[in-house]
Amino acid sequence: MISLQRNFRLAILLVLITSVLAPIVVFAGTSSTSGGVGDANCTASKTITQGSTWTAYVRSQCDLGIGQIGYTWWTVRQYCAPSNTYTTRFQSSVGAVNTNTNSFQRSFAGIQYAFCSSSIQLQDLGQHDFKTINNTWRPTVNRYEIHY
């Protein structure tokens, strides 16, 4: 009887340790568009990764260095359909850029999921900014994902 209790406790302990050490499943998705500014071929993208919290990324990339690369505005929010409410997690109505380079990336990480009685739509929204002396390209790229 003592051996059975000890084995049972050991089994419970192993289950607990395994559940703590097991990796958290992370889901990720990206929306992007490609175009150009001057002689540079560029890609504007938004990515959302989901795990115990979620992260929104904005990324602007060109194959050549250009005068300005970044975004003109960026909004990260959640939408709850039953209550028709948006929970804004980050909003920048002014842009951010890197100069004389070929890449720009920012993230807003560790976002807690807002309460909703059904699925939540995660939204990573914004307009990118690519500029050379003579050309400007400002595509809008939005990424939407459902979180259950």
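Residue numbers for the sequence shown follow numbering that gives the first Met the number 0, so the first one is 0 and each next one is one higher.
We put the beta carbon where it would ideally sit given N, CA and C, even for glycine.
Buried or exposed: where does residue 43 fall if 16 or more other Cβ atoms within 10 Å of its Cβ makes it buried?
-> Working through the sequence shown from its first residue, we reach residue 43 at position 44. Buried, by the Cβ-count rule.
Residues that residue 61 bridges to, as DSSP identifies them | Here residue 61 refers to the residue found at position 62 of the sequence shown. Per DSSP, 41.
Where do the N-terminal and C-terminal ends of the beta strand (DSSP E) with residue 89 fall, by residue?
-> Against the sequence shown, residue 89 aligns to sequence position 90. For residue 89, the enclosing beta strand (DSSP E) starts and ends at 84-91.
Have a look at residue 135 and residue 128 and give me their C-alpha separation to the nearest angstrom.
-> Residue 135 sits at position 136 when you count from the first residue of the sequence shown. Residue 128 sits at position 129 when you count from the first residue of the sequence shown. The alpha-carbon atoms of residue 135 and residue 128 are separated by roughly 7 Å.
Closest Cα partner of residue 109 within the set 58, 89 and 40 = Position 110 of the sequence shown, counting from 1, holds the residue named residue 109. Comparing Cα-Cα distances from residue 109 to each of 58, 89 and 40, the minimum goes to 89.
Alpha carbon to alpha carbon, how far is residue 147 from residue 131?
-> Walking along the sequence shown from the start, residue 147 turns up at place 148. Walking along the sequence shown from the start, residue 131 turns up at place 132. One C-alpha to the other measures close to 42 Å.
Decide if residue 111 is buried, meaning its Cβ has at least 16 other Cβ atoms within 10 Å, or exposed.
-> Translated into positions along the sequence shown, residue 111 becomes position 112. So residue 111 counts as exposed.
Across which residues does DSSP place residue 76 in a beta bridge pair?
-> On the sequence shown, position 77 is the one that residue 76 refers to. 87 and 122.
Taking three-plus beta-carbon pairs below 8 Å as touching, is the segment 115-127 in contact with the segment 57-73?
-> yes
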